[in-house]
Amino acid sequence: MFNRVPFKGSLTCAVLAIGVAFLAVSKIELLPAFPADVFNGHQVILDNQNKIIPWSVPVEKAYDHFLRLRWDFIKSKVPACPGPPPRSSYPQYYFYCAFWDKHGVLEPDTWMNDLGEKIPNWFESARLYYAYSGDSSVMTIVKKLMDYTIAHGTSPSTFAWPKFPYTTTNAGDMEFRGFTSGKRFALNEIQVGYAGDMGWVYYRMYLYNGDKRYLTAALNVADTLARNVRTGTSTQSVWPERVIMDSGKVTAEYGAHWIGCYTLLDELIKANLGNVKAYENARAKARDFLLQYPLKTGYWADGHTDVAELTNTYKSNTAASNFILAVFDDPGLDPDWRADVPRLIKWTDDNFVFRRAPGEPATQWGANIVGEQDSFLPKMDYQTSRYAAECARWYAISGDEAYKEKAYRSLNWVTYCNKPDGEAFESPVSKDISNWWSDCYGECPRMFYAAFAGVPEFAPPRENHILYSLAVLKDVSYGARKIQYSATEREGREYLRLSFRPGSVKLNRVRLPLRSDLSSQGYTLRDLGHGDYALNLKRMKAGIVTIQ
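Okay, structure coming up:
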């Protein structure tokens, strides 16, 4: 991605002295130093190992503070689009990819609009925040954005790729027809993998609110994917990376951004919706391609939504990261996942941590910071939070403390990518990089919940939270000693942090057993100290879960 710049205004931040042990994270005493470094307007706070800890206090609630700031900014601080009406009645994130901070005034970046990245990441960020906080207003925000996108950004039924989402458009467009102003793509040209991501979250919005318009939109995407699937090779992926939808012309043969397509098909198959046999064929071909080619070659090609020069030897951290995170939720995707996950994390270290843009660091104050893709290496908040999520979840499996430490320091670095009002700095060590709505307010925060799943100690103590679930949850309610929610999918795992030891955990009013592991339906408990517990729950049915 291009055209991004961090805000460089001067801010002051009063940092309180911290004389406590942050036992939940590193079990070492945090005795902050106060170096001369100021980063994004925040005084950098280091512990007694001279490694970064969050700038906000109390430290143990810093990640929660970060997540709330970002949503509060979306709710109340985003200016309207420039005119004329009716465009001026919408927030800037509807029609622009990013913003610049010009002396305290947010102006839209007029590069493009990345629908295929924004819609999936915002939906996932919103539904995870809703489950975590009980605040359903964020789902309303995303529903309105999704509704507009479906109505104004879907191909007609006469196209070779019919009823399929537009993944890009020009900045300021109110009718979405593709990103042509940059002279990189043609009218009606789309990135197939990102359209699959959009179809996946259309289906998930259906699970959340039951409106069959979203199911129809998702099935249309799945049907088109099933009709156009092919056997992947080292030069032609399971679907083409890009096509022109009206003619069906393929404009880029190879890509590796297919987890959204795979998951859409997988979830529809499990729900017995749509053309299941065709979906099973396409799902199998997608899995085979991922395992036989990018997983073996390391060529996780993905130009996001604005890079045109893509080859079958191109690398993008996002495509590989999506695969890693999907494997944690669905180990059956990769039979060798226990060997492949640490190998892929090292792949990120080699290609996007220690390989870097000229003049930029690979690490800062003990935190590994991460770039995006071969043609765009600036270090970014959302790629760094992706890396932290992978490391945290691998720590939960492996018990290797080095991964917990990597996750902790990288998340701490990301907390500095906020102004105190929630305005994001996407690439704070870079120059001339604007702040993308999809990355900063979708992809970056959504990764914190996966990190919480791996290390529940990262979540705030003495509070109740649903930390993470792959399944869509609704009807979430929190009481002092009771959490209740409706799980929409038959199988699922939920991860919680509780401020009390539950006396019962029920699914559809039937008590679930406390177990030593989750090889079958039930739940586990781990004492976090000071009356807090980590609860992991495995369901084999949809329905109402009550924990009290």
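My numbering puts the first residue of the sequence shown at 817, with every later residue one more than the last.
Heads up, the beta-carbon is just placed ideally off N, CA and C, and yes, glycines get one too.
| query | result |
| --- | --- |
| Contact check, S1320 vs R1309, beta carbons under 7 Å | no |
| Cβ separation of Y1198 and D1118, assumed to be a contact under 8 Å, to the nearest whole Å | In fact, because the Cβ distance is near 14 Å, the residues do not count as touching under 8 Å. |
| F1170 classed as buried or exposed, judged by whether at least 16 other C-beta atoms fall within 10 angstroms | exposed |
| Terminal residues of the beta strand (DSSP E) in which Q908 lies | From DSSP, Q908 is part of no beta strand (DSSP E); its letter is neither H nor E. |
| Integer-rounded CB distance, given that C1077 should sit under 8 Å from L1041 | 6 Å |
| Buried/exposed call for S1293, threshold 16 Cβ in 10 Å | exposed |
| Three-state secondary structure assigned by DSSP to M962 | helix |
| Separation of Y964 from M928, as counted between CA atoms | 17 Å |
| Boundaries (first-last residue) of the alpha helix (DSSP H) holding Y1198 | 1197 to 1214 |
| Touching by the beta-carbon criterion (3+ pairs, under 8 Å), the region 1015 to 1031 and the region 932 to 948 | yes |
| Start and end residues, alpha helix (DSSP H) containing D888 | 878 to 892 |
| Contact check, I861 vs R1225, beta carbons under 7 Å | no |
| Buried or exposed (CB count within 10 angstroms, at least 16 for buried), A1246 | In the sequence under discussion, the amino acid at residue 1246 is Ser, which differs from the Ala named in the question. Buried, because 16 or more other Cβ atoms sit within 10 Å of the Cβ of S1246. |
| Supposed close pair V1054, R1046 - CB separation, criterion 8 Å | 6 Å |
| Nearest-angstrom beta carbon gap, Y982 and W1253 [assumed within contact, 8 Å] | The pair is not a contact, with the Cβ atoms about 17 Å apart (cut-off 8 Å). |
| Reduced DSSP secondary structure (H/G/I, E/B, other) of I1185 | coil |
| 8 Å Cβ shell around G1090 - same chain, five flanking residues per side excluded | L1035, A1038, D1039, L1084 |
| 7 Å Cβ cutoff met for A1266 and A1205 | yes |
| Counted within 10 angstroms of its Cβ, other Cβ atoms place D863 as buried (16 or more) or exposed | buried |
| Burial state of K1101, where buried means 16 or more other Cβ atoms lie within 10 Å | buried |
| Meets three-Cβ-pair contact criterion under 8 Å: the region 946 to 955 and the region 1001 to 1016 | no |
| Beta-carbon proximity check, P1261 vs L1031, cutoff 7 Å | no |
| Outcome for G899 when other beta-carbon atoms lying within 10 angstroms are tallied against a minimum of 16 | exposed |
| Residue environment, Q1189, which counts as buried when at least 16 other CB atoms sit within 10 Å | buried |
| Where the beta strand (DSSP E) through R1154 begins and ends | It is not in any beta strand (DSSP E) - R1154 instead sits in the alpha helix (DSSP H) that spans 1153 to 1164. |
| Buried or exposed (CB count within 10 angstroms, at least 16 for buried), G1071 | buried |
| Residue nearest to F1268 in terms of C-alpha spacing, selected from Y1257, Y1301, R1202 | R1202 |
| Own chain, CB closer than 8 Å to T1304, minus 5 neighbours either side, in chain order | L1023, Y1024, A1287, V1288, L1289, K1290, A1358 |
| Beta-ladder partner(s) of I1299, from DSSP | Y1294, I1363 |
| Alpha helix (DSSP H) segment containing W1074, residue limits | From DSSP, W1074 is part of no alpha helix (DSSP H); its letter is neither H nor E. |
| Per-residue burial, A1350 [other beta carbons within 10 Å of its own, 16 or more giving buried] | buried |
| Rounded Cβ spacing between A1002 and T996 (contact assumed at less than 8 Å) | 7 Å |
| Q1052 - DSSP class collapsed to helix/strand/coil | coil |
| 6 Å Cβ shell around Y1211 - same chain, five flanking residues per side excluded | Y1219, K1220, G1270 |
| Beta-carbon separation (whole angstroms), I1140 vs A1033, contact threshold 8 Å | Not a contact, Cβ separation roughly 28 Å. |
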